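Visitor:
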Amino acid sequence: MTALTLRIDPAASATHAHAAVATLASLPESFRRTDDAGDVVVVAGGDGWARRATDAVQAGARALLVLDPGPASDADLADLAALAAAGAPVVLDVPWRHDEAVRRVAPRIHRLAAPGALFEARATVAATDDLVGAARALALTAQTLVGSPLTELAPLAATPDHLMLSGTTASGVHVIVSAVVTAHGHACATFRLVVGDRAAHVALPAPGTAAPGRASVTDAAGREDLPVVFESGHRTAMRLAHDAAHGRHVPDDVADLRALLAAAPALAGDARP
151 MTALTLRIDP
161 AASATHAHAA
171 VATLASLPES
181 FRRTDDAGDV
191 VVVAGGDGWA
201 RRATDAVQAG
211 ARALLVLDPG
221 PASDADLADL
231 AALAAAGAPV
241 VLDVPWRHDE
251 AVRRVAPRIH
261 RLAAPGALFE
271 ARATVAATDD
281 LVGAARALAL
291 TAQTLVGSPL
301 TELAPLAATP
311 DHLMLSGTTA
321 SGVHVIVSAV
331 VTAHGHACAT
341 FRLVVGDRAA
351 HVALPAPGTA
361 APGRASVTDA
371 AGREDLPVVF
381 ESGHRTAMRL
391 AHDAAHGRHV
401 PDDVADLRAL
411 LAAAPALAGD
421 ARP
């Protein structure tokens, strides 16, 4: 297998660049780094990321990996989504969304997620400034797990230590998203679906660790624990970008983010609550 070339966006922060380099080192047969136009371009998710991603596609990138994308204008996301649909896939390295445990349990949850079901998503963060970003990542992951976009998501509570939102998916599942400032255990997340006598539970570590996420499904016959995979969310996302460049996996990440921001205006910015 010929390795693809990968370029890291010069606009990436030191933290993002180091994370990308460390992840790249764990995939030596898939990628080799370049400072020229790469097959896959890693884009920092700060201000203007959607425009930089569009520029990278227009410069010839076959796929993009966006690290921790923040909000972007609908016009910029629409342009990027059109390019993705035309054959330049974009993988959003959002906390928890591409964790292997999520990918494995999502089909099971799709079958359970009937109208009227309750889905809860909760994460712990280190500071007030992290609340909106964590809630946005939780909501994107919730859409993946439930298999349906959120049609509305509005704040229920907003304090310096807590942000809670409630809404509904297009399939009729009630969703509660909650991010809480804590003294420890930062960036861990839990997801739970409850419908009648059936339930599913997912517990995920911080995205930068290779500790496994854990998922289980419970019904009248008992509880089933799904197999675990020791791989960081960053590595999984980079693998997905590799597959996307080869046309083997084409995610709907940009379209999902665009739909979420339309349904949840409170998550379309990073202002403190």
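Oh and the sequence shown: position 131 is 281 in my numbering, straight run, nothing missing.
Even for Gly, the Cβ is constructed at its ideal location relative to N, Cα and C.
A quick note: this is a predicted structure, and the numbers were derived from the prediction, not measured.
1) Report yes if the C-beta distance between V404 and A209 is below 7 Å; otherwise report no.
2) Classify L98 as helix, strand or coil using the three-state DSSP reduction.
3) Alpha carbon to alpha carbon, what distance is there between A175 and T472?
4) Could you tell me the boundaries of the alpha helix (DSSP H) in which R398 lies?
5) Can you name, in chain order, every residue of its own chain whose Cβ lies under 7 Å from the Cβ of R201, other than the five neighbours on each side?
6) Taking contact to mean at least 3 C-beta pairs separated by less than 8 Å, is the segment 409 to 420 in contact with the segment 291 to 299?
7) Can you say whether G195 is buried or exposed, counting buried as having 16 or more other CB atoms within 10 angstroms of its CB?
8) If you count every other CB in all the chains shown that lies within 10 Å of the CB of P310, and 16 or more means buried, which is it?
9) Could you say if the segment 238 to 251 and the segment 274 to 289 meet the contact criterion of at least three C-beta pairs nearer than 8 Å?
10) Hey, L154 and D186: beta-carbon distance below 7 Å or not?
11) Taking the straight line between their C-alpha atoms, what separation do you get for V352 and R253?
12) At what residues does the beta strand (DSSP E) containing G283 begin and finish?
13) Tell me the start and end of each unbroken beta strand (DSSP E) in the segment 194 to 266 that is at least 3 residues and wholly inside, in chain order.
14) What are the partner residues of V275, as DSSP defines its beta bridges?
15) DSSP on V323, reduced to helix/strand/coil?
16) Given a cut-off of 7 Å, decide if V241 and L390 are closer than it, judged by their beta-carbon atoms.
17) How about V275 and A329: are their beta carbons less than 7 Å apart?
18) Is DSSP giving P423 helix, strand or coil here?
19) Using three-state DSSP, classify D402 as helix, strand or coil.
20) Using three-state DSSP, classify V171 as helix, strand or coil.
21) Label H392 either buried or exposed according to how many other C-beta atoms from any shown protein chain fall within 10 Å of its C-beta, with 16 as the threshold for buried.
22) Near T319, what residues of its chain come up, given a Cβ to Cβ distance below 7 Å and the 5 sequence neighbours on each side ignored?
23) Going by DSSP, what residues sit across from A308 in a beta bridge?
24) Secondary structure at D159, three-state DSSP: helix, strand or coil?
25) Does R422 pass the burial test, meaning 16 or more other C-beta atoms within 10 Å, or should it be called exposed?
26) Give the straight-line distance between the Cα atoms of S163 and P219, rounded to the nearest whole angstrom.
27) Output the boundary residues of the beta strand (DSSP E) element that contains H351.
Guide: Reading from the atomic positions:
1) no
2) Residue 98 lies beyond the residue range present for the chain, which begins at 151 and ends at 423; the question has no answer from this structure.
3) Here the chain covers residues 151 to 423 and nothing more, so residue 472 does not appear.
4) Taken as a continuous stretch (DSSP letters only), R398 belongs to no alpha helix (DSSP H), as it is neither H nor E.
5) D226
6) yes
7) buried
8) exposed
9) yes
10) no
11) 11 Å
12) Not the beta strand (DSSP E): G283 falls in the alpha helix (DSSP H), residues 281 to 296.
13) 213 to 217, 240 to 243
14) V331
15) coil
16) yes
17) yes
18) Its pLDDT being 33, under 50, P423 is placed unreliably in this model, and the value from its coordinates should be taken loosely. Coil, per DSSP.
19) coil
20) helix
21) buried
22) V296, S298, P299, L300, T301, V325
23) L313
24) coil
25) Because R422 sits at a pLDDT of 34, beneath the cut-off of 50, its placement in the model cannot be relied upon, and the point is left open.
26) 13 Å
27) 348 to 354
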